[in-house]
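Peer 1: Structure below; questions to follow.
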Amino acid sequence: MDNLDYGIIGNCTSAAIISKTGSLDWCCLPQFDSSSIFAKLLDEDKGGSFGFEVSPDYDITQHYDNYTGILVTRFTRDADSFELRDFMPRYHQVDKGYYAPSEVIRYVKHLSGKPSFKVIYDPKLEYASAETNTYIKDNFIVSLTHGKKFDTIFLYTDLDKEAVVQGEAITITEDHFFSFGYNEKIFQPDLDKIHLEYSRTRVYWLNWVNQMPSYKKYRKEITRSAITLKLLSFDKTGAVLAAATTSLPETIGEVRNWDYRFCWIRDASMVIKVMSELGHKHMAKRYLDFVTNLIPDKDEKLQIMYGINGEKKLTEHFLEHLEGYKGSKPVRIGNAAYAQRQNDIYGILMDVVYQQIVKFKTEIEQVEELWSITKGIVWVVQKHWQEPDKGIWEFRTEERHFTFSKVLCWVAIDKAMKVAEILNKTHKYNKWKSLEQEIKQDIMTNAWNEKVQAFTQSYGSDDMDASVLLMEPYGFIEAKDPKYIKTVKATERELCNDGLLYRYKNKDDFGLPSSSFTICTFWFINSLYKIGEEQKAANMFDQLLSYSNHLGLFSEDIDFETKRLLGNFPQAYSHLALIETAINLANVKTEDDQVVELVEG
77 MDNLDYGIIG NCTSAAIISK TGSLDWCCLP QFDSSSIFAK LLDEDKGGSF GFEVSPDYDI
137 TQHYDNYTGI LVTRFTRDAD SFELRDFMPR YHQVDKGYYA PSEVIRYVKH LSGKPSFKVI
197 YDPKLEYASA ETNTYIKDNF IVSLTHGKKF DTIFLYTDLD KEAVVQGEAI TITEDHFFSF
257 GYNEKIFQPD LDKIHLEYSR TRVYWLNWVN QMPSYKKYRK EITRSAITLK LLSFDKTGAV
317 LAAATTSLPE TIGEVRNWDY RFCWIRDASM VIKVMSELGH KHMAKRYLDF VTNLIPDKDE
377 KLQIMYGING EKKLTEHFLE HLEGYKGSKP VRIGNAAYAQ RQNDIYGILM DVVYQQIVKF
437 KTEIEQVEEL WSITKGIVWV VQKHWQEPDK GIWEFRTEER HFTFSKVLCW VAIDKAMKVA
497 EILNKTHKYN KWKSLEQEIK QDIMTNAWNE KVQAFTQSYG SDDMDASVLL MEPYGFIEAK
557 DPKYIKTVKA TERELCNDGL LYRYKNKDDF GLPSSSFTIC TFWFINSLYK IGEEQKAANM
617 FDQLLSYSNH LGLFSEDIDF ETKRLLGNFP QAYSHLALIE TAINLANVKT EDDQVVELVE
677 G
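Each residue of the sequence shown is one higher than the one before, starting from 77 at the first, in the numbering used here.
What follows is the structure, given as structure tokens:
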């Protein structure tokens, strides 16, 4: 079965997506949202890739190097064996911050015998929109395009450059390297330098992981997800991306294809919340810097998403010349949803502000700015909470009174009141308390559907929506409240399909949804845990983990029947929810655990 059997490498400047056979099929330089250098992921013929062709009798396996962001692809045939150790350099320089160039290193580690391969080096700059020409120079290989934009990429290697470019057979008996990057190097790299870059990057990741709490159960899954979230962060500004790709479809052959290389306030805030729990304060502080820099004016409304450098206009257009993933058109650049109104983002952001002030009050330099943001959020919510919006799922036409949006408006006021108490700024408390109670009463009256016996997707609707399950984690309702328990049960009846959840089943702008939205399944598992069905939750969680790819990575969606991964990859939403669920379930004993205890006993 075709699947998203890819790994991700990166250095918080950009990222690359590499197949299970070592083919680099997606990379944008100099940063995440730049034009692609390789885009075979979106067009097998035109997109361009950087791979290694071996004879069919080679066995190919892939794994990450321990708890790092270094991807290892091993090629073995009898006594002949070598590894590709792929990474993007990242490490701390004394008094200089982090070294994270727009560069990918492919360290070829000779293991035994005389393995041979052909290099497929086929860059297609600027989304393959014009011809790319490759030339061999004395010290490097340069590829360039003179299309609508001029662009270049530089490849350095200690192998025969002619053999590399022509795809001729190469036999090795020692280590070698490839290094390609956006900029021409001042100093010629050699194997010693490459090995040093590898060692420094490896130590960086091991140190980074060492800052996290150690969990007895699910440690491997929590750590891989945390590293993945780190790889989706943009260190220059503090932004966090929703995913590293664009236009991977929610369903093969359909048009639900979006560009996710941007920072959604909702997704990023949720990521930062969980990363803070894991001890990564630097990410949280950088993100708060990003947010405070976005809101210079006290009456400026937040957009739902921004470019990773804070861009506010993310005009969407199509790349008609690309076939799309498995023929799924269109390929989109930009995202028209940036102009939507989604009232839930104020509560999501306020929740993060509250958490950071609780955790790091004496360490946060911008407490005064955060207090201004808090007051600004209350002002916006007070003015707009009664208005309909597009909702968390970004319906592109109809606006409604979505339950999730209303609940998060309540969260905004609830958390603002708590921040006011912490900072001893209680002169507005009574006014805010009145607003908080008004919103809560409105939700309890209008979101509860007596016929369905559940809180439904929107006011007056009979449709269920998985996002409503978040009423409990955000503190709106107690887990043992009969109305919440009934909502969990109704969600299971209506949205659960073979252990996976629809986000909703009602028709939207593009027809009826046909795949499972991965984060929703994690939300449901958490809700089962919260209402006391711990064993069932743990069993569902273990089943869901088995649907990850060979490296433990998740995309946005899963096909109900084949369990194939779909949607943009890797998806921050999915991995943050995996971490939250794993931490909740870490102490729940499954049937397998009990069998192990009996055997060991």
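Even glycine gets a Cβ: it sits at the ideal position worked out from N, Cα and C.
With a threshold of 7 Å on Cβ separation, who are the neighbours of K606 within its own chain once the five nearest residues in sequence on each side are excluded?
Peer 2: Counting only Cβ-Cβ distances below 7 Å, and skipping sequence neighbours, we find E548, A555.
Peer 1: Along the alpha helix (DSSP H) that carries N283, what are the first and last residues, could you check?
Peer 2: Unbroken alpha helix (DSSP H) run through N283: 267-286.
Peer 1: Whose C-beta lies closer than 8 Å to the C-beta of R337 among residues of the same chain, with five residues either side of it excluded?
Peer 2: Around R337: C104, F108, D109, L317, A318, A319, A320, T321, T322, I384.
Peer 1: According to DSSP, what are the bridge partners of H393?
Peer 2: According to DSSP, which records beta bridges pairwise, H393 is partnered with I409.
Peer 1: Determine the burial state of Q418: buried for a count of at least 16 other Cβ atoms within 10 Å of its Cβ, exposed for fewer.
Peer 2: Label assigned to Q418: buried.
Peer 1: Check this for me: beta carbons of P265 and S275, under 8 Å apart or not?
Peer 2: No, they are not a contact pair.
Peer 1: What first and last residue would you give for the alpha helix (DSSP H) that runs through V544?
Peer 2: No alpha helix (DSSP H) contains V544, which DSSP labels as neither H nor E.
Peer 1: Using C-beta distances below 6 Å, list every residue in its chain close to L354, excluding the 5 sequence neighbours before and after it, in chain order.
Peer 2: These residues qualify, in order along the chain: M288, A302.
Peer 1: Does the stretch 114-126 come close enough to the stretch 656-664 that 3 or more CB-CB pairs lie under 8 Å?
Peer 2: The stretch 656-664 is not in contact with the stretch 114-126.
Peer 1: Among F531, I498, I489, whose alpha-carbon lies nearest the alpha-carbon of L511?
Peer 2: When only C-alpha atoms are compared, the closest one is I489.
Peer 1: For A344, which option in L305, E570, F163 has the closest C-alpha, if you only look at C-alpha atoms?
Peer 2: Cα-wise, what sits closest to A344 is L305.
Peer 1: Three or more beta-carbon pairs under 8 Å between the stretch 457-466 and the stretch 411-426, yes or no?
Peer 2: Because the criterion of three Cβ pairs below 8 Å is met, the stretch 457-466 and the stretch 411-426 touch.
Peer 1: Mind checking L678: buried by the 16 CB within 10 Å criterion, or exposed?
Peer 2: In the structure as shown, the chain begins at 77 and stops at 677. Residue 678 is therefore absent and cannot be evaluated.
Peer 1: Could you say which of D214, Y203, N79, Y211 lies nearest to S95 if we only look at CA atoms?
Peer 2: Of the candidates D214, Y203, N79, Y211, the one whose C-alpha sits nearest the C-alpha of S95 is N79.
Peer 1: Hey, would you say V443 sits closer than 8 Å to I433, going by beta carbons?
Peer 2: The answer is yes: Cβ separation under 8 Å.
Peer 1: In angstroms with no decimal places, state the Cα-to-Cα distance between F193 and D574.
Peer 2: One C-alpha to the other measures close to 43 Å.
Peer 1: If contacts are defined as beta-carbon pairs under 8 Å, then L484 and W447 qualify, I think. What distance do you get, rounded to the angstrom?
Peer 2: L484 to W447, Cβ: 20 Å. No contact.
Peer 1: Under 8 Å: do the stretch 275-285 and the stretch 216-225 share three or more Cβ pairs, one atom per stretch?
Peer 2: The stretch 275-285, when compared against the stretch 216-225, does not touch it at the 8 Å Cβ threshold.
Peer 1: If we call anything under 8 Å between Cβ atoms a contact, is G467 one with G403?
Peer 2: Against a cut-off of 8 Å, the Cβ pair of G403 and G467 comes out as no contact.
Peer 1: So, are the CB atoms of P106 and Y203 less than 8 Å apart?
Peer 2: Not in contact: P106 and Y203 (Cβ atoms no closer than 8 Å).
Peer 1: List the residues that DSSP assigns as beta-bridge partners of W340.
Peer 2: DSSP output for W340 lists M381 as bridge partner(s).
Peer 1: Who are the near neighbours of L642 in its chain, counting only those whose CB is closer than 8 Å to its CB and skipping five residues on each side?
Peer 2: Once the five neighbours on either side are set aside, the close Cβ partners of L642 are L80, L324, P325, E326, T327, I328, S591, S631, E632, D633, I634, D635.
Peer 1: Compare the beta carbon distance of A542 and R579 with 8 Å and say whether it is the shorter of the two.
Peer 2: Going by C-beta atoms, A542 is nearer than 8 Å to R579.
Peer 1: Whole angstroms are fine: how far does the CA of L652 sit from the CA of F552?
Peer 2: Taking the straight line from one Cα to the other gives about 21 Å.
Peer 1: Using the beta-carbon count (16 or more within 10 Å), is Y232 buried or exposed?
Peer 2: Buried, by the Cβ-count rule.
Peer 1: 8 Å is my cut-off, CB to CB: does P549 come that close to chain C?
Peer 2: Protein chain content of the structure displayed is limited to a single chain, and chain C is not contained in it.
Peer 1: If we require 4 or more residues per run, which alpha helix (DSSP H) segments fall completely within the stretch 596-644?
Peer 2: The qualifying runs are 610-621.
Peer 1: Report the rounded CA-to-CA distance for D101 versus G123, giving the unit in angstroms.
Peer 2: Computed Cα separation, rounded: 8 Å.
Peer 1: Please classify I84: does DSSP put it in a helix, a strand, or coil?
Peer 2: Reduced to three states, the DSSP call for I84 is strand.
Peer 1: Is the CB-CB distance between S534 and Q431 below 8 Å?
Peer 2: No, they are not a contact pair.
Peer 1: Assuming R342 and I380 are in contact, meaning their beta carbons sit under 8 Å apart, how far apart are those beta carbons, in whole angstroms?
Peer 2: Correct: roughly 7 Å between the Cβ atoms.
Peer 1: Relative to the C-alpha of F366, which candidate in R150, W334, I449 has its C-alpha closest?
Peer 2: For F366, the nearest C-alpha among the options comes from I449.
Peer 1: Based on the DSSP secondary-structure assignment, which residues constitute the bridge partners of T221?
Peer 2: The partner list for T221 (beta bridge, DSSP) reads T208, D227.
Peer 1: Taking only runs that begin and end inside the stretch 290-316, name each unbroken alpha helix (DSSP H) of 4 or more residues, in chain order.
Peer 2: Segments of the alpha helix (DSSP H) lying fully in the stretch 290-316: 295-307.
Peer 1: Expressed to the nearest angstrom, what Euclidean distance is found between the alpha-carbon atoms of W682 and E392?
Peer 2: This structure gives no information on residue 682, because the portion of the chain shown stretches from 77 to 677.
Peer 1: For A648, which residues in the same chain have their Cβ closer than 7 Å to its Cβ, ignoring the five residues on either side in sequence?
Peer 2: L305, L308, V316, L317, A318, A319, D343, V347, listed in sequence order.
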